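Just so you know, the protein sequences line up as chains A and B, in that order.
Just so you know, the first sequence maps onto residues 99 to 305 in our numbering.
Just so you know, the second sequence maps onto residues 472 to 851 in our numbering.
No residue lacks a Cβ here, since even glycine has one placed at the ideal position from N, Cα and C.
Since the model is a prediction, treat every value here as computed from it, not as a measurement.
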Amino acid sequence: MTGDVILGVNTLWMVYCVGRGVPIPMQNFNERQALDGLKNLDSQVIGAVYDRYFPEVYRYVRFRLGDEPTAEDIASDVFVRLLEAVQNRRGPQTNLKAWLLATASHAVVDHLRRVYRRATESLPEDLSDPDPAPAELFDEREQKRTVRQAYARLTSDQQHVLALRFSQGYSLEETASVMKKNVNAVKALQFRALAALQRNIEEMNDD
Amino acid sequence: MIDLLMDALEICLQKVEQGETVESVLSLFPDLESELRPVLQAALQARTLADQSVPAAAQRRGRARLLSGAAELRESQRGLSKRTVSFFPRMVLALSLTAVVVLSSTGLVGASSNSLPGDQLYPVKRTWERVQLAFVLNQQRQDALQSQFEQERLNEIDELLTTSRAQQVTFSGVVSKETDGRWLISGIPVLVTNTTHLLSAEISSSMPVTVTGTTGSNGVLEADEIESLQPGSMLPPLEPSHHAGATGQSQETTTTVAGTLPTQFPAMVQTPAATPKTPQSFTYTGVVQGEQGTNWTINGQSVSVDQVEVGGTIQVGQVVRFGGYYAGNGNFIITSIESDSQGSPSHANGGDNSNNGHNNNGGGDDKGGGHGRDDGGGGD
Numbered sequence: 099m100t101g102d103v104i105l106g107v108n109t110l111w112m113v114y115c116v117g118r119g120v121p122i123p124m125q126n127f128n129e130r131q132a133l134d135g136l137k138n139l140d141s142q143v144i145g146a147v148y149d150r151y152f153p154e155v156y157r158y159v160r161f162r163l164g165d166e167p168t169a170e171d172i173a174s175d176v177f178v179r180l181l182e183a184v185q186n187r188r189g190p191q192t193n194l195k196a197w198l199l200a201t202a203s204h205a206v207v208d209h210l211r212r213v214y215r216r217a218t219e220s221l222p223e224d225l226s227d228p229d230p231a232p233a234e235l236f237d238e239r240e241q242k243r244t245v246r247q248a249y250a251r252l253t254s255d256q257q258h259v260l261a262l263r264f265s266q267g268y269s270l271e272e273t274a275s276v277m278k279k280n281v282n283a284v285k286a287l288q289f290r291a292l293a294a295l296q297r298n299i300e301e302m303n304d305d
Numbered sequence: 472m473i474d475l476l477m478d479a480l481e482i483c484l485q486k487v488e489q490g491e492t493v494e495s496v497l498s499l500f501p502d503l504e505s506e507l508r509p510v511l512q513a514a515l516q517a518r519t520l521a522d523q524s525v526p527a528a529a530q531r532r533g534r535a536r537l538l539s540g541a542a543e544l545r546e547s548q549r550g551l552s553k554r555t556v557s558f559f560p561r562m563v564l565a566l567s568l569t570a571v572v573v574l575s576s577t578g579l580v581g582a583s584s585n586s587l588p589g590d591q592l593y594p595v596k597r598t599w600e601r602v603q604l605a606f607v608l609n610q611q612r613q614d615a616l617q618s619q620f621e622q623e624r625l626n627e628i629d630e631l632l633t634t635s636r637a638q639q640v641t642f643s644g645v646v647s648k649e650t651d652g653r654w655l656i657s658g659i660p661v662l663v664t665n666t667t668h669l670l671s672a673e674i675s676s677s678m679p680v681t682v683t684g685t686t687g688s689n690g691v692l693e694a695d696e697i698e699s700l701q702p703g704s705m706l707p708p709l710e711p712s713h714h715a716g717a718t719g720q721s722q723e724t725t726t727t728v729a730g731t732l733p734t735q736f737p738a739m740v741q742t743p744a745a746t747p748k749t750p751q752s753f754t755y756t757g758v759v760q761g762e763q764g765t766n767w768t769i770n771g772q773s774v775s776v777d778q779v780e781v782g783g784t785i786q787v788g789q790v791v792r793f794g795g796y797y798a799g800n801g802n803f804i805i806t807s808i809e810s811d812s813q814g815s816p817s818h819a820n821g822g823d824n825s826n827n828g829h830n831n832n833g834g835g836d837d838k839g840g841g842h843g844r845d846d847g848g849g850g851d
């Protein structure tokens, strides 16, 4: 994982340097210079940052919401917010990935708040699946839906920690870095989140 | 206990990630199995929500949207800067800019006063000199100012030679010494070589000339071109003030240098400088080389004696001490003249005048101010 991060960061830096016609050795990369490129609205740097981090942000948001179109909107919006924040000197100073994922988490919460606030539309009467599936596949879908609903009942922090651990495969240390918590706090949060998730699933199955 | 449970959960998660079954990992913690099992099962359920695929189309669309947003930001920034300019009334902005220019110009002129040829601020210094000349309408004051500026040229060249800076320069002066291709022109050592263009048929001592050349690292200016000037042309009144010191001579020896020259050569000693408000007076000693009515020739320069009553009998070949000022046409107007009984230019004016002259040439800041009294015969 760490190797992948280093490789990705170096690729980003190479794109950054080549875009300026300055071949700078990869080991000289620092995120500060990439952030400078964002501040200058350098298209090459913006594209490189997006290509590097969009998959992670997208997967995170989709894990949280389970909705691909919304995940696409929110993930791309996170990068627009990044540009605006950097221009307004409110952007990340060091950990770009942590900033993106934290912003994605806030964006998800904002989205859910808007959804809950909106008047509930009447559901169509016919909810039958247009594409009938075999019984096994149907059960799998139902179980996934139950887990999704159980997950949606978790607190924001609990959803956040599970999304980081299970959608991104982050280690405890990486998760702690993104969440700006210590490892023990993340361990405890994760344990409580999984326990709550299990309880929710059982409750929904009982219903 | 709770810490142990969380650590055990982490170990179990890692082992399941590596492909082990739930039962096998739970068997590692038999005492914690009842607590671990539901949590581990929840973790497995949570994994089902994960999907590592990322639709390429979604990524492309997001990329295009982001770059479009960046373009809009760039545009908005340009627009903002334009609005910022138009926000202020134009008149206020113009006045502010004018004030800034004026204030910064004042500082610029001050900063340029010590600049040398080749420096970035040197053109500012020369331009400011021209501006000063343009605003002085009184001819005598203008002559005095012009003379000061000519003196400043000598000081600049002297500074260039002292600091061994190579720079092409042009200056005017009087040839005072000529030995084996090394000339001394108003105190500036000039090297005349075979490549030097002598634009006049004959250039000799005491002749006013304009020299174009390059300062070298050996403390000598290598002349590219030397041209004689008409007698009476505007010349600097003194040698460079720093030169004597730079060559190890004391200030008092400035006139001594001239004094070592043959008697008929000028000993150019400046009286206390005049402010630009009054014509600058000079006192020289020299040899009368010719008399035609009120136009005399002293030290190769044409001078006018129609404003002074010549005391005693002065004959051609006699050493005289005379004072006066330069007129606008370059003629030196004598306001006092007397026979120099000592016959030695080096003693004609004494060390006091030398010191005063040095102070006058100490730098651009001194020019035009600080010397409120004219010596030199009081003919003003």
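Per-residue burial, residue i [other beta carbons within 10 Å of its own, 16 or more giving buried]
{"i": "Gln610/B", "result": "exposed"}
{"i": "Glu240/A", "result": "exposed"}
{"i": "Glu272/A", "result": "buried"}
{"i": "Arg212/A", "result": "exposed"}
{"i": "Leu480/B", "result": "buried"}
{"i": "Val147/A", "result": "buried"}
{"i": "Thr667/B", "result": "buried"}
{"i": "Thr569/B", "result": "exposed"}
For residue j and residue i, the rounded distance between their alpha carbons
{"i": "Thr754/B", "j": "Thr768/B", "result": "15 Å"}
{"i": "Asn653/B", "j": "Thr756/B", "result": "Correcting the residue type first, residue 653/B is Arg in the shown sequence and not Asn. The alpha-carbon atoms of Arg653/B and Thr756/B are separated by roughly 24 Å."}
{"i": "Met678/B", "j": "Ile659/B", "result": "14 Å"}
{"i": "Gln191/A", "j": "Glu488/B", "result": "33 Å"}
{"i": "Thr323/A", "j": "Ala202/A", "result": "Since the first residue of chain A shown is 99 and the last is 305, residue 323/A is not available in this structure."}
{"i": "Val159/A", "j": "Gly533/B", "result": "14 Å"}
{"i": "Arg518/B", "j": "Gly267/A", "result": "10 Å"}
{"i": "Glu166/A", "j": "Val259/A", "result": "20 Å"}
{"i": "Met302/A", "j": "Arg130/A", "result": "48 Å"}
{"i": "Thr598/B", "j": "Gly794/B", "result": "31 Å"}
{"i": "Gly135/A", "j": "Ser269/A", "result": "29 Å"}
{"i": "Asn665/B", "j": "Lys648/B", "result": "18 Å"}
{"i": "Ser675/B", "j": "Thr641/B", "result": "19 Å"}
{"i": "Gly761/B", "j": "Arg792/B", "result": "15 Å"}
{"i": "Val787/B", "j": "Tyr593/B", "result": "44 Å"}
{"i": "Arg263/A", "j": "Gln257/A", "result": "10 Å"}
{"i": "Gln763/B", "j": "Ser810/B", "result": "18 Å"}
Sub-7 Å separation of residue i and residue j beta-carbons
{"i": "Ser752/B", "j": "Tyr797/B", "result": "no"}
{"i": "Val276/A", "j": "Leu199/A", "result": "yes"}
{"i": "Leu631/B", "j": "Leu587/B", "result": "yes"}
{"i": "Ala541/B", "j": "Ile144/A", "result": "yes"}
{"i": "Phe289/A", "j": "Gln530/B", "result": "no"}
{"i": "Val779/B", "j": "Ile808/B", "result": "yes"}
{"i": "Phe308/A", "j": "Ala521/B", "result": "A question about residue 308/A goes unanswered here, because the residues of chain A that appear run from 99 up to 305."}
{"i": "Glu504/B", "j": "Leu497/B", "result": "yes"}
{"i": "Thr765/B", "j": "Val776/B", "result": "yes"}
{"i": "Ala261/A", "j": "Leu295/A", "result": "no"}
{"i": "Leu475/B", "j": "Glu506/B", "result": "no"}
{"i": "Val781/B", "j": "Phe803/B", "result": "no"}
{"i": "Thr681/B", "j": "Leu700/B", "result": "yes"}
{"i": "Leu537/B", "j": "Ala514/B", "result": "no"}
{"i": "Ala694/B", "j": "Val663/B", "result": "yes"}
{"i": "Ser254/A", "j": "Arg157/A", "result": "no"}
{"i": "Ser671/B", "j": "Glu696/B", "result": "no"}
{"i": "Ser688/B", "j": "Ser635/B", "result": "yes"}
{"i": "Pro280/A", "j": "Ala286/A", "result": "According to the sequence provided, residue 280/A is Asn. The question's Pro does not apply to it. Taking 7 Å as the Cβ cut-off, Asn280/A and Ala286/A do not qualify as a contacting pair."}
{"i": "Ala173/A", "j": "Val155/A", "result": "yes"}
{"i": "Asn298/A", "j": "Arg251/A", "result": "yes"}
For residue i, the residue or residues it bridges with in DSSP
{"i": "Lys648/B", "result": "Leu655/B"}
{"i": "Phe289/A", "result": "Note: Phe289/A sits in no beta bridge, so no partner."}
{"i": "Val206/A", "result": "Its beta-bridge partners do not exist; DSSP assigns none."}
{"i": "Thr683/B", "result": "Thr641/B, Glu696/B"}
{"i": "Trp767/B", "result": "Glu762/B, Val774/B"}
{"i": "Gly795/B", "result": "Phe753/B, Ile805/B"}
{"i": "Val790/B", "result": "Val758/B"}
{"i": "Pro660/B", "result": "Leu655/B"}
From the options, residue whose alpha carbon lies closest to that of residue i
{"i": "Gly690/B", "options": "Asp629/B, Glu481/B, Leu484/B", "result": "Asp629/B"}
{"i": "Leu139/A", "options": "Phe161/A, Glu166/A, Phe177/A", "result": "Phe177/A"}
{"i": "Glu473/B", "options": "Asn298/A, Ala294/A, Arg297/A, Asn282/A", "result": "Note on residue identity: the sequence assigns Ile, not Glu, to residue 473/B. Residue Asn282/A is the option with its Cα nearest to Ile473/B."}
{"i": "Leu692/B", "options": "Ile656/B, Glu491/B, Ser810/B, Ser699/B", "result": "Ile656/B"}
{"i": "Gln206/A", "options": "Arg263/A, Asp171/A, Glu182/A", "result": "For the record, residue 206/A in the displayed sequence is Val; it is not Gln. Checking every option, the nearest Cα to that of Val206/A belongs to Asp171/A."}
{"i": "Asp149/A", "options": "Glu301/A, Asp255/A, Arg297/A, Lys195/A", "result": "Lys195/A"}
Neighbour flag for residue i against chain E, beta carbons, 7 Å
{"i": "Gln256/A", "result": "Here chain E cannot be found, since the structure's protein chains are A and B."}
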